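If you read the protein sequences in the order shown, they are chains A and B. For what it's worth, my numbering labels the leading residue of the first sequence as 79, then goes sequentially. For what it's worth, my numbering labels the leading residue of the second sequence as 79, then goes sequentially. Cβ coordinates follow ideal geometry from the N, Cα and C atoms, glycine included. As the structure is a prediction and not an experimental result, all values here were calculated from the model. See structure below.
Number of protein chains: 2
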Amino acid sequence: MSAPLNAAPEAAPAPRPPLEFWFDFGSNYSYLSALRIEAAAARLGVPVRWQPFLLGPIFRSFGWETSPFVLQKAKGAYVWRDMARACRKAGLPWQQPSVFPRAALLAHRVALLGADEAWIGAFCRRVFSLNFAEDRDLEAPETVAGVLAELGLDPAALLAAATADANRQKLRQQTEAAATRGIFGAPTFFVGEEMFWGNDRLDDALEAWVAQGS
Amino acid sequence: MSAPLNAAPEAAPAPRPPLEFWFDFGSNYSYLSALRIEAAAARLGVPVRWQPFLLGPIFRSFGWETSPFVLQKAKGAYVWRDMARACRKAGLPWQQPSVFPRAALLAHRVALLGADEAWIGAFCRRVFSLNFAEDRDLEAPETVAGVLAELGLDPAALLAAATADANRQKLRQQTEAAATRGIFGAPTFFVGEEMFWGNDRLDDALEAWVAQGS
Numbered sequence: 079m080s081a082p083l084n085a086a087p088e089a090a091p092a093p094r095p096p097l098e099f100w101f102d103f104g105s106n107y108s109y110l111s112a113l114r115i116e117a118a119a120a121r122l123g124v125p126v127r128w129q130p131f132l133l134g135p136i137f138r139s140f141g142w143e144t145s146p147f148v149l150q151k152a153k154g155a156y157v158w159r160d161m162a163r164a165c166r167k168a169g170l171p172w173q174q175p176s177v178f179p180r181a182a183l184l185a186h187r188v189a190l191l192g193a194d195e196a197w198i199g200a201f202c203r204r205v206f207s208l209n210f211a212e213d214r215d216l217e218a219p220e221t222v223a224g225v226l227a228e229l230g231l232d233p234a235a236l237l238a239a240a241t242a243d244a245n246r247q248k249l250r251q252q253t254e255a256a257a258t259r260g261i262f263g264a265p266t267f268f269v270g271e272e273m274f275w276g277n278d279r280l281d282d283a284l285e286a287w288v289a290q291g292s
Numbered sequence: 079m080s081a082p083l084n085a086a087p088e089a090a091p092a093p094r095p096p097l098e099f100w101f102d103f104g105s106n107y108s109y110l111s112a113l114r115i116e117a118a119a120a121r122l123g124v125p126v127r128w129q130p131f132l133l134g135p136i137f138r139s140f141g142w143e144t145s146p147f148v149l150q151k152a153k154g155a156y157v158w159r160d161m162a163r164a165c166r167k168a169g170l171p172w173q174q175p176s177v178f179p180r181a182a183l184l185a186h187r188v189a190l191l192g193a194d195e196a197w198i199g200a201f202c203r204r205v206f207s208l209n210f211a212e213d214r215d216l217e218a219p220e221t222v223a224g225v226l227a228e229l230g231l232d233p234a235a236l237l238a239a240a241t242a243d244a245n246r247q248k249l250r251q252q253t254e255a256a257a258t259r260g261i262f263g264a265p266t267f268f269v270g271e272e273m274f275w276g277n278d279r280l281d282d283a284l285e286a287w288v289a290q291g292s
């Protein structure tokens, strides 16, 4: 049986926007999410977009010079205990960074450059692990180049593109977009305009993405 | 077969300290824990001690005049969205309070007075529900008296004892103890000296209590 001549072909449903994962490489709770998000999302068939941004300017816009985990001593002391327990529960290695929050500007630029590339998850997991499992400095270009080389990529070409003016400007715009969206910490997830804050809400965000399609 | 005459009788194991639940009636995330803690603990055989304290003096010790959910506008906007979702998930009624954080000094004094009484759980659940499900003022003595009357208790005698100097002083000491223990928010749970912060950690705290005994 053929369709009537004047029938429109059945339109494929428009692809739904992916779940957005906003993170900063210096954020300890982002580490917990980064190391599990791709596997957890794949189990549920949820596409993920990695959204690196800089928390520092967000905190400064609140009048804070650094992380609230540094500014609030009681909360800071608790957070490291909580992280040790959370990593044990998740089966992740954990070493409290000797520098916190650790700057990683170049790594953010590379992650933004590669946000739609197949290597983005592996790159981010490795950078997060250097910070929170190996207590390694992240600022030296050699460190970031080393991660790219491990992944079989071309470090020289990627670092050149990552540090080009256009990509620097793009990271500034990305951080401004985070502020505009109401982001106040990391990790933060978006399902459409619905915001979920914290590694403790990753599973809720994944479920919300699935539920919105049903 | 009889025991040798010089054998000590087998000592009963010392009772283990209960899991401690530190809360403030103005704390929205404490509402989520208060409404479920007794049932969740009973399922696992975990004894619970209700530990009312005042968050206001803790926040003031950090230099904050009020709740961080008021001081930080982006986080505050998120928190009400998060609460609506969390209550729906937990099957709890929810109405955003028109006054936040809501003062409830008398209710805290009554809760401290009754912390070891059989009615403590029912009393606290009712006070929390007035705040977060019915948007009711908690400061009028008639409101607190009404809750006690609903529970078949003697409001006049209990309010007199709650507002006596000894109990006022006890609440001040309780709040100082919270600060000394490193409490920076609510709800906070203790299993021995191990601290768990937030409704999101209640299940971890219950599991830790069980694990410490095995």
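For residue i, the nearest candidate out of the options (CA to CA)
{"i": "Ala-200/B", "options": "Ala-112/B, Ala-223/B, Ala-162/B and Gly-270/B", "result": "Ala-112/B"}
{"i": "Val-205/A", "options": "Ala-196/A, Leu-226/A, Ala-193/A and Leu-191/A", "result": "Leu-226/A"}
{"i": "Gly-263/B", "options": "Leu-216/B, Ala-89/B and Gly-104/B", "result": "Gly-104/B"}
{"i": "Leu-236/A", "options": "Phe-178/A, Leu-132/A and Gly-192/A", "result": "Gly-192/A"}
{"i": "Leu-110/A", "options": "Arg-279/A, Val-269/A, Gln-150/A and Val-126/A", "result": "Arg-279/A"}
{"i": "Ala-239/B", "options": "Leu-184/B, Ala-164/B and Thr-144/B", "result": "Leu-184/B"}
{"i": "His-186/B", "options": "Asp-281/B, Val-222/B, Ser-145/B and Val-126/B", "result": "Val-222/B"}
{"i": "Leu-208/B", "options": "Gly-224/B, Glu-195/B, Glu-116/B and Arg-166/B", "result": "Gly-224/B"}
{"i": "Ala-117/A", "options": "Asp-281/A, Asp-102/A and Ala-218/A", "result": "Asp-281/A"}
{"i": "Pro-130/A", "options": "Trp-197/A, Ala-244/A, Glu-98/A and Gly-270/A", "result": "Glu-98/A"}
{"i": "Trp-197/A", "options": "Ala-218/A, Pro-171/A, Ala-168/A and Pro-233/A", "result": "Pro-233/A"}
{"i": "Arg-203/A", "options": "Asp-102/A, Pro-91/A and Ala-92/A", "result": "Asp-102/A"}
{"i": "Asp-194/B", "options": "Cys-165/B, Arg-246/B and Pro-125/B", "result": "Pro-125/B"}
Bridge-paired residues (DSSP) for residue i
{"i": "Glu-98/A", "result": "Arg-127/A and Phe-268/A"}
DSSP three-state assignment for residue i, whether helix, strand or coil
{"i": "Trp-158/A", "result": "helix"}
{"i": "Phe-206/A", "result": "helix"}
{"i": "Phe-274/B", "result": "strand"}
{"i": "Ala-118/B", "result": "helix"}
{"i": "Arg-50/B", "result": "For residue 50/B there is no data in the structure shown, the boundaries of chain B being 79 and 292."}
{"i": "Val-177/B", "result": "coil"}
{"i": "Asp-243/B", "result": "helix"}
{"i": "Leu-133/A", "result": "helix"}
{"i": "Gln-150/A", "result": "coil"}
{"i": "Gly-224/B", "result": "helix"}
{"i": "Ile-261/A", "result": "coil"}
{"i": "Ala-92/A", "result": "coil"}
{"i": "Ala-196/A", "result": "coil"}
{"i": "Arg-250/A", "result": "helix"}
{"i": "Leu-216/A", "result": "coil"}
{"i": "Ala-81/A", "result": "For Ala-81/A, the predicted structure reports a pLDDT of 48, less than 50, and the residue's modelled location is therefore unreliable. A value from the coordinates is still provided. Note: Ala-81/A maps to coil in three-state DSSP."}
{"i": "Ala-238/A", "result": "helix"}
{"i": "Phe-201/B", "result": "helix"}
{"i": "Thr-233/B", "result": "Inspection of the sequence shows that residue 233/B is occupied by Pro rather than by Thr. Looking at Pro-233/B - three-state DSSP - the assignment turns out to be helix."}
{"i": "Ala-168/A", "result": "helix"}
{"i": "Ala-211/A", "result": "coil"}
Range covered by the alpha helix (DSSP H) that runs through residue i
{"i": "Asp-281/B", "result": "280-290"}
{"i": "Thr-144/B", "result": "No alpha helix (DSSP H) holds Thr-144/B; DSSP gives it neither H nor E."}
{"i": "Ser-108/A", "result": "106-112"}
{"i": "Leu-191/B", "result": "183-191"}
C-beta atoms of residue i and residue j nearer than 8 Å
{"i": "Phe-210/A", "j": "Pro-265/A", "result": "no"}
{"i": "Trp-100/B", "j": "Ala-189/B", "result": "no"}
{"i": "Pro-135/B", "j": "Thr-258/B", "result": "no"}
{"i": "Tyr-107/B", "j": "Asn-277/B", "result": "yes"}
{"i": "Arg-180/B", "j": "Leu-133/B", "result": "no"}
{"i": "Gly-141/B", "j": "Val-148/B", "result": "no"}
{"i": "Asp-213/B", "j": "Gln-251/B", "result": "no"}
{"i": "Val-272/B", "j": "Ala-255/B", "result": "A small fix is needed here, since residue 272/B is Glu in this sequence, not Val. No. Outside cutoff."}
{"i": "Ala-152/A", "j": "Gly-260/B", "result": "yes"}
{"i": "Gly-230/B", "j": "Pro-95/B", "result": "no"}
{"i": "Arg-121/B", "j": "Ala-168/B", "result": "no"}
{"i": "Ala-182/A", "j": "Leu-284/A", "result": "no"}
{"i": "Phe-178/A", "j": "Ser-139/A", "result": "no"}
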